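Take a look at the structure below.
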Amino acid sequence: MRTYDRGSEWRRWELHIHTPGTLKNDQFIGNSLAEKWDKYYEEINKYIGDGSNSINDIAVVAITDYISIDNYKKVVSDDKLPSSVKLILPNIELRIAPIASKSPVNIHCIFSNKIASDLEGRFLSKLYFTYNQRKYSAVSQDLIELGKKFENDRSLDDLSAKKKGAQQFIVNLDNLRNIFKDDHELKENSIIVVSNNSHDGVSGITSHCDYFINSKDSKGSQLDATRQAIYQLSSAIFSSNAKDIKYFTGEGVDSKEEVVRKCGSLKPCFHGSDAHSNKKIFNPDSERYCWIKSNPTFFGLKQAINEPKERVYIGREPESLSRVRMNATKYISKLSISKTSGKEDQSNKWFEDIQLPLNSGLVAIIGNKGNGKSALADIIGLCADSDHQMDFSFLKKDKFLKKGLAEHFAATIEFVSGKNTESKYLSEQIKETSLPLVQYLPQSYFETVCNEIDKVEYLRNEIEKVVFQYIPQEKRFQQVTFKDLIDFKTRSIDKEISDLEVQLNDINKKIINYEDQSTPNFIQDIKNKLAEKEEELEVHTAHKPQVPAIEQGSEKVNTQQREKLEKLDEQFESITNTIKKTQTKIAKYALAIEELNQLKREIESEKVKFNIFVQRKEEVAKKYEIDIGKIFQVSTNTSVVEDKIKVYEELSSHITNNLLGNSDYDKKTPYDKLLLYAKKNYLNNEISKIKKELTTVEKQYQAYISEQKKWEEHQREIVGNHEIADTLKYYEYKLKFINEVLPNQLSEYRKSRLALSREIYRKKREIKSIYDEVKKNVSTIFDKEDNNQNLTIESSFSLANDFIERFMNYVNKSRSGSFKGKLEGKAMLRDRLISSLNLENEQSILDFLSNIIDYLEEDKRVGNDHQKYPIKDQIFNREDLYLYLFSLKFIFPHYALRQNGKDLEELSPGEKGALLLVFYLVLDKTDIPLIIDQPEDNLDNQSVAKILVPYIKDAKKRRQIIMVTHNPNLAVVSDAEQIIYANIDKAQGNIFSCLSGSIENTEINSKIVDVLEGTLPAFVSRELKYYKEPSLV
1 MRTYDRGSEW
11 RRWELHIHTP
21 GTLKNDQFIG
31 NSLAEKWDKY
41 YEEINKYIGD
51 GSNSINDIAV
61 VAITDYISID
71 NYKKVVSDDK
81 LPSSVKLILP
91 NIELRIAPIA
101 SKSPVNIHCI
111 FSNKIASDLE
121 GRFLSKLYFT
131 YNQRKYSAVS
141 QDLIELGKKF
151 ENDRSLDDLS
161 AKKKGAQQFI
171 VNLDNLRNIF
181 KDDHELKENS
191 IIVVSNNSHD
201 GVSGITSHCD
211 YFINSKDSKG
221 SQLDATRQAI
231 YQLSSAIFSS
241 NAKDIKYFTG
251 EGVDSKEEVV
261 RKCGSLKPCF
271 HGSDAHSNKK
281 IFNPDSERYC
291 WIKSNPTFFG
301 LKQAINEPKE
311 RVYIGREPES
321 LSRVRMNATK
331 YISKLSISKT
341 SGKEDQSNKW
351 FEDIQLPLNS
361 GLVAIIGNKG
371 NGKSALADII
381 GLCADSDHQM
391 DFSFLKKDKF
401 LKKGLAEHFA
411 ATIEFVSGKN
421 TESKYLSEQI
431 KETSLPLVQY
441 LPQSYFETVC
451 NEIDKVEYLR
461 NEIEKVVFQY
471 IPQEKRFQQV
481 TFKDLIDFKT
491 RSIDKEISDL
501 EVQLNDINKK
511 IINYEDQSTP
521 NFIQDIKNKL
531 AEKEEELEVH
541 TAHKPQVPAI
551 EQGSEKVNTQ
561 QREKLEKLDE
571 QFESITNTIK
581 KTQTKIAKYA
591 LAIEELNQLK
601 REIESEKVKF
611 NIFVQRKEEV
621 AKKYEIDIGK
631 IFQVSTNTSV
641 VEDKIKVYEE
651 LSSHITNNLL
661 GNSDYDKKTP
671 YDKLLLYAKK
681 NYLNNEISKI
691 KKELTTVEKQ
701 YQAYISEQKK
711 WEEHQREIVG
721 NHEIADTLKY
731 YEYKLKFINE
741 VLPNQLSEYR
751 KSRLALSREI
761 YRKKREIKSI
771 YDEVKKNVST
781 IFDKEDNNQN
791 LTIESSFSLA
801 NDFIERFMNY
811 VNKSRSGSFK
821 GKLEGKAMLR
831 DRLISSLNLE
841 NEQSILDFLS
851 NIIDYLEEDK
861 RVGNDHQKYP
871 IKDQIFNRED
881 LYLYLFSLKF
891 IFPHYALRQN
901 GKDLEELSPG
911 EKGALLLVFY
921 LVLDKTDIPL
931 IIDQPEDNLD
941 NQSVAKILVP
951 YIKDAKKRRQ
961 IIMVTHNPNL
971 AVVSDAEQII
981 YANIDKAQGN
991 IFSCLSGSIE
1001 NTEINSKIVD
1011 VLEGTLPAFV
1021 SRELKYYKEP
1031 SLV
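Going by this note's numbering, the residue at position 434 of the sequence shown is 434; the numbering climbs one at a time, nothing skipped.
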C-alpha cells in the first residue's frame, strides 16, 4: 500500500476516458483491436513521458465504458500505463431517463478499485431494462440478448449485439437508487457523477445553473422533481462551465443553503477528455484539465466531494502550483534530523534519521502533550535562522540543551528549489546577522507579546510594515518605508513649525538613517541580501525554459499561422510596455501635484505667520509714530503654482482618458483608432482565437514562448537598478555608499544639528503631526478583509512629563550601554550629565546634547573601557528622542492601530493575540514560511472560530504555513493539507517518531481520534471529513 507522507497535493485526474473497444463511438486508430490497444498505450506513455512535466503527469484515470467494466479489467491486467499513474478506477457510464435533447441523460458511476471484481454481481446484474415485456440485466449475456432481440437478428455476432444492447439499455432512476440503498458498502465505495452536455446531460433538459435561475421566474414543469432527484442522487457534476462550478459550490445565484436544499449537497465539478479517439486522450478542450488536491486514492476522491471548492480545480494549472514553482526558494520541502556523534545511549535515542517531507500548503503538527510537537517547530526555526530563539520551548537550556544532549544531533531543511541549509547542531545559536528564512512565532513569544507592555513597540512597528504593503505604489511618493511616508506627508502640513524645526527634523532623520546604516548588523544584512539576490539569479538562470523538442512525424508547423501569432505577440508586448510607461508618467504627475500642493500650503503658512507678526508689532510701531506698512512690503501670488498644478492634473487626465481609456472596444472601430487598454484587449482576443486553432506542436511552442517571456521579466526584476529597492543592483550601490560616503556625511550632519540647536535655544512650541490623509490611503485594507475585530487606524500624541522619566522611557535598559538598568541608567543621566548642566548657558546646552550622544555611543560605566554599541540597540525611538532633545521640547508623533477604539497598550492579552494573528495570517504580504506554535492557546473558542480558522485558510493560499497545535480539531477545520503526528516513546529511550499524511489517510484519522481521546466533534461538523474505509466482503 502506497503512503503519501506529504499529504494532499494537487494532481491531474482523468475521470472520463474511453478505450479501444468501447461499446459506443470507437474512433481509436488501428487496423485491428490489438493494434488499437498498442497505439492507445503508446499515446498515453508519450503524453505522460517521464513525469517531469507536472501538467502532463496524470495520477489517476477512470476507464470509462457504457454499462461495462471489461475494458477497465483489460487496462489493469495489461499493466502498461506509466508508473506515475497511481490509481485506475472503473467508470460505468449509464443512460437514464428522462430524455435530454438528443439522448437519455448520462450518469457515471465511478467505483473504488477494491470492489471492481464484485461489480458484475453486485451492480450490473441488478440494473434492468424492460423490452417487449422481458427484463434484461446489464451483464454481458443479457446485453447480447437484448441487442439481438432489438435487431430481430439471431445471427448477429455477440460483440455487435452487445453494442446494440448497450445503446438501448436505459436505466430507471429508482432502480439505480435502490441498488445503492440496499447495498451500503457498494454506496460507500462509489460516487455518482451526472454529465453536463447539451445532448446527453442534464443540461440537455436545461443547463445546470440556468435551470435554477429560470425556475425562480417560472411555475416549474413536470420534470422539475426529476431534475432535482438526479442532482440529489449524484455526488458530483461533469462540467467545466464556470457558471456551473460557481453554482454547485454555493457561489452562484443561490446561497449555499439553497443549493443544498435543491441538490442535496454542494458538489464539485469534474472534467475529463471523454476521449473516444487517440487525439483526445488527456486533451480536453481549452486545456480544461481536472486537478484534485488529495491522495490519489478513491477515498481521496471522496474527500474532494466534501470540499468541492478547496479540492477541485478546472484549468491548465492551479495557481498554488505555479506560485510554488516561481518561488521555489520560499517553500520548505523536507526536514532532516540525525544523530551525529556521542556514545550509544539507549536512554537518549531521540532523533534517529528523521526524514520528514513537508507540504507547501498548511502543515499541522499534532500529538499528545510532551510528545515533540514544538520540537519540530524549534528545529525548523533553528535551521532557517528565525527570530525569537530566546522563546524556543524545546531547544532551551532547561530542556533539550541540558547537559549537552543537543550537541549530538544535527538538522537541515531543504527547499523546493533543491537548496539545503547548512547542517546545524541542535545546540547552535542563531547569528544576529543571519537573514531569517522563515517567520516563527514560538508559543512563549506569542504569550510575551500578549502580556508584556514593553513588546507593544515591536508590535507597532510590525503593524506599520504590514500596512505599508497595502499602500499603492503611486501613493508612496517614492518613499521606502511607512515611517518615511508619514514624515513626507506631515513635513509641511503643520504651518506652525518654524524653518529651523523643519530642518532639525529632517537632519535628525538623516542622522538616524546613517546611524542605522553604520551598524555591523545593517551592513551584514545588506551583504546577506546581496548574496541572496545573487543566489536567486543563479537559480533562476539554471531554470531557463527549454525549447520543446519536436518529434519526427509530428504535425507540420503552420508557418503563416506562427508568423501571425508572433506579430500579434510583438504588438501585445509593445502595447503592454507603452501602458507601463504611461502609468509611470501618471505616477510622476501625481508626485508633482502633491509636492506643488505642499509648496502652496507652505507659502500660505508663511503669509499667515507674517500677518501675525505684523499685528503683534503694530502697537509698538504706532507708539513711536511708525507706519509699519512702510517697513514691510511682502506679497504672495500662488496662482503660478496653481496653474502648474492644473497643468499636471490636465496631463494626468488626458493620459487617462485619451490614451489609456478602458478595455471595451467596438469591433467596427479600426485598430489604430482604439485606446491602449482596448488595443491590449483586442490583441489578447485575437491571440486567443489563433491559439485555439493551433496544433499540439504549436501549442507546446507557444507555451515555451510564454514561459520564456515570464523568465526574462523575472530576471529583470531580480537584477533591477540602484533606484529599485530589493534588487541586486540596489544592494551593490547601497554597500558602496555605506563604505565610502556615509562616515564623513554623518559627522557633518551632527555638526549641523548642533548649529540648529544653538539657534532654537528658546523653547519651541508643541507640534502635532496630522496623519489623516495617509489614513485615507491605508484604511481601505480593513474594508477589503472581514473586519470582525473592528480594527481602525488613528493618529494621536504621546507626551512625557518628566525629563529623566521621558528620556529613560526611550532607553532599552536591558541592552549594554551607559544607561543600562533602570536605576543605574537614571543615576548615570542625573549624576554625570544633568548635574553639570547650566540651563542658562547656551554652550552648556550644546555640550549636554553632545555628551548624551557620546554616552549613547560609548559605554561610560566604570570597567567597560568605552565599549561602542549601536545607538539603535539602546533606544526604542531615536527620531522622537532626538527631536525632543535637540529642540528642547518633546513631542512624539504616533500612528496607532486600534481595536474597538482602544490603543495597543489598552488591549487584553487575548485581543493582542487576535491582533497578532491578523498581522501574520491576513495582512502581512511576506511570503516566506510562517511557523506558529499553538496559536489557539491565547484565544477563546470564539476567536479561534472567527479569526484563526478563516484566516489560516486564507493565508495558506499565499504562503506555506506550519502550525503546531494540541487540538487536532483546528487542523481538521482549517483543511490542513498535511498532518504530522509526533510521538516520543519514553519507554524506548525517548525515541522520536512521526506519522505523516493527509486528513483522508485512515491512519492519520486514527491518530487524530487518539489525541482527541476518542471523540469526533470536528469530523462531524465537517460532514464526514473522516472516512473509515469499510471492510470488504
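Ideal placement from N, C-alpha and C gives every residue a C-beta, glycine not left out.
All figures in this text were calculated on a predicted structure; none of them were measured in a lab.
- Task: Whole angstroms is fine: what's the gap from Y731's alpha carbon to A725's?
- Result: Sequence index remark: in the sequence shown, residue 731 carries index 731 (1-based). Sequence index remark: in the sequence shown, residue 725 carries index 725 (1-based). Between Y731 and A725, the C-alpha separation is close to 8 Å.
- Query: Just the Cα atoms here: how many angstroms apart are S850 and S427?
  - Reply: Here residue 850 refers to the residue found at position 850 when the sequence shown is read from its first residue. Here residue 427 refers to the residue found at position 427 when the sequence shown is read from its first residue. Cα to Cα, S850 sits roughly 43 Å from S427.
- Item | Cutoff 8 Å; reference G821; Cβ partners in own chain excluding five residues on either side | Looking up residue 821 in the sequence shown gives position 821. Counting only Cβ-Cβ distances below 8 Å, and skipping sequence neighbours, we find K813.
- Query: Whose C-beta lies closer than 6 Å to the C-beta of I69 among residues of the same chain, with five residues either side of it excluded?
  - Reply: Within the sequence shown, the letter at position 69 stands for residue 69. Excluding positions up to five away in sequence, the list reads P90, L119.
- So V620 is in the alpha helix (DSSP H); what residue range does that whole segment cover? Here residue 620 refers to the residue found at position 620 when the sequence shown is read from its first residue. Per DSSP, the unbroken alpha helix (DSSP H) holding V620 starts and ends at 559-623.
- Range of the contiguous beta strand (DSSP E) that encloses R753: For this step, residue 753 is matched to residue 753 along the sequence shown. In the DSSP assignment, R753 falls outside any beta strand (DSSP E) and lies within the alpha helix (DSSP H) extending over 742-759.
- Task: Determine, using beta-carbon pairs with one atom in the stretch 558-565 and one in the stretch 690-705, whether at least three such pairs fall under 8 Å.
- Result: Judged by pairs of C-beta atoms under 8 Å, the stretch 558-565 touches the stretch 690-705, as three or more such pairs exist.
- W1048 - DSSP class collapsed to helix/strand/coil: Here the chain comprises residues numbered 1 to 1033, so residue 1048 is not present and cannot be evaluated.
- Item | Same chain, Cβ closer than 7 Å to K86, five either side skipped, listed in chain order | Along the sequence shown, read from residue 1 onward, the residue named residue 86 stands at position 86. Answer for K86: R2, A59, V60, P296, listed in chain order.
- Message: Can you tell me where the alpha helix (DSSP H) holding A377 begins and where it ends?
- Response: By one-based count along the sequence shown, residue 377 stands at place 377. Boundaries of the alpha helix (DSSP H) around A377: 373-383.
- Message: Using only the alpha-carbon positions, how far apart do Y624 and F468 sit?
- Response: Indexing the sequence shown from 1 puts residue 624 at position 624. Indexing the sequence shown from 1 puts residue 468 at position 468. Between Y624 and F468, the alpha-carbon positions lie close to 58 Å from each other.
- Check H966 in the structure and name its three-state DSSP category. Locating residue 966 in the sequence shown gives position 966, counting from the first residue. H966 falls in the coil class under three-state DSSP.
- Looking at C-beta atoms only, is the number of pairs between the stretch 26-42 and the stretch 284-298 that lie closer than 8 Å three or more? At 8 Å Cβ cutoff, the stretches do not touch.
- Message: Quick check on G7: does DSSP put it in helix, strand or coil?
- Response: Here the question's residue 7 lines up with position 7 in the sequence shown. Three-state result, G7: coil.
- Message: Within a Cβ cutoff of 7 Å, which residues of the same chain sit near I191, ignoring the five residues on either side of it in sequence?
- Response: The count along the sequence shown starts at 1 and reaches residue 191 at position 191. Excluding the 5 residues flanking it on each side, I191 has same chain C-beta neighbours closer than 7 Å at I110, S235, A236, L301, K302, I305, in chain order.
- Task: Using only alpha-carbon positions, find the residue among K986, A971, T421, N577 that is nearest to V363.
- Result: Within the sequence shown, residue 363 is the residue found at index 363, counting from 1. Selected option, being the one with the closest Cα: A971.
- Message: Can you list, in chain order, the residues of its chain with a C-beta nearer than 7 Å to that of K216? Leave out the 5 residues immediately preceding and following it.
- Response: The residue given as residue 216 occupies position 216 in the sequence shown. Because K216 sits at a pLDDT of 49, beneath the cut-off of 50, its placement in the model cannot be relied upon, and the point is left open.
- Could you tell me whether the Cβ atoms of R878 and S818 are closer together than 9 Å? Along the sequence shown, read from residue 1 onward, the residue named residue 878 stands at position 878. Along the sequence shown, read from residue 1 onward, the residue named residue 818 stands at position 818. The Cβ-Cβ distance between R878 and S818 does not fall below 9 Å.
- Under 9 Å between C-beta atoms of F282 and I115: The sequence position of residue 282 within the sequence shown is 282, counting from 1. The sequence position of residue 115 within the sequence shown is 115, counting from 1. Contact annotation: F282 and I115 have beta-carbon atoms that are not nearer than 9 Å.
- Message: Between the alpha carbons of A955 and K330, how many angstroms are there, rounded?
- Response: Position 955 of the sequence shown, counting from 1, holds the residue named residue 955. Position 330 of the sequence shown, counting from 1, holds the residue named residue 330. Cα to Cα, the separation comes out at about 15 Å.
- Own chain residues within Cβ distance below 6 Å of K246, not counting five before or after: By 1-based counting over the sequence shown, the position of residue 246 is 246. Excluding sequence neighbours, K246 sits near G252.
- Query: How many Å lie between I179 and L127 at the Cα?
  - Reply: Here residue 179 corresponds to residue number 179 of the sequence shown, with the count starting at 1. Here residue 127 corresponds to residue number 127 of the sequence shown, with the count starting at 1. Taken atom to atom, the span from the alpha-carbon of I179 to that of L127 is near 8 Å.
- Message: Rounded to whole angstroms, what is the Cα-Cα separation between F797 and K679?
- Response: In the sequence shown, the residue the question calls residue 797 occupies position 797. In the sequence shown, the residue the question calls residue 679 occupies position 679. With a pLDDT of only 45 at F797, under 50, the local geometry of the prediction cannot be trusted, and no value is derived from it.
- Message: For L930, report the span of its beta strand (DSSP E) as first-last.
- Response: The residue labelled residue 930 in the question sits at position 930 within the sequence shown. DSSP places L930 inside the beta strand (DSSP E), whose first and last residues are 930-933.
- Query: Terminal residues of the continuous beta strand (DSSP E) containing H408?
  - Reply: Residue numbering aside, residue 408 sits at position 408 when the sequence shown is read from its first letter. Annotation for H408: no beta strand (DSSP E) segment contains it, and DSSP assigns it neither H nor E.
- Enumerate in chain order the residues of its own chain whose CB-to-CB distance from H16 is below 6 Å, with the five nearest sequence positions on each side excluded. The count along the sequence shown starts at 1 and reaches residue 16 at position 16. Excluding residues within five positions, the ones whose Cβ falls inside 6 Å are T64, G272, D274.
- Query: Mind checking whether L746 and Y514 have CB atoms under 9 Å apart?
  - Reply: As a position in the sequence shown, residue 746 is number 746, starting the count at 1. As a position in the sequence shown, residue 514 is number 514, starting the count at 1. At the C-beta level, L746 and Y514 come within 9 Å of one another.
- V253 in three-state terms, based on DSSP: Residue numbering aside, residue 253 sits at position 253 when the sequence shown is read from its first letter. V253 carries a coil assignment under DSSP once its states are collapsed to helix, strand and coil.
- Quick one: what's got a C-beta closer than 8 Å to E1029's C-beta in the same chain, skipping five residues either side? If you number the sequence shown from 1, residue 1029 lands on position 1029. Low local confidence applies: a pLDDT of 42 at E1029 is under 50, so the model's placement there is unreliable, and no value is given.
- Can you say whether D499 is buried or exposed, counting buried as having 16 or more other CB atoms within 10 angstroms of its CB? In the sequence shown, counting from the first residue as 1, residue 499 sits at position 499. By the neighbour-count definition (other C-beta atoms within 10 Å, threshold 16), D499 is an exposed residue.
- Task: Sort S195, N348, F123, I655 by Cα distance to K181 and report the nearest one.
- Result: On the sequence shown, residue 181 is found 181 positions in, with the first residue counted as 1. Of the candidates S195, N348, F123, I655, the one whose C-alpha sits nearest the C-alpha of K181 is F123.
- Item | CA nearest to the CA of N1041, picked from N56, R95, D57, S117 | In the structure as shown, the chain begins at 1 and stops at 1033. Residue 1041 is therefore absent and cannot be evaluated.
- Item | Range covered by the alpha helix (DSSP H) that runs through H654 | Counted from its first residue, the sequence shown places residue 654 at position 654. It spans 639-654 - the alpha helix (DSSP H) in which H654 sits, taken as one unbroken run.
- Can E606 be considered in contact with the ligand HEM, in the sense that its beta carbon sits closer than 8 Å to one or more heavy atoms? The ligand HEM is not among the ligands present in this structure, which contains no ligands whatsoever.
- Query: What did DSSP end up calling E14 once you bin it into helix, strand or coil?
  - Reply: Sequence index remark: in the sequence shown, residue 14 carries index 14 (1-based). Three-state DSSP puts E14 in a strand.
- Task: Take G38 and list the residues in its own chain whose beta-carbon comes closer than 8 Å to its own, dropping the five residues that flank it on each side.
- Result: Counting from 1 along the sequence shown, the entry for residue 38 is found at position 38. Here the sequence assigns Asp to residue 38, which means Gly is not the residue at that position. Closer than 8 Å at the Cβ level, and outside the excluded window around D38, lie G30.
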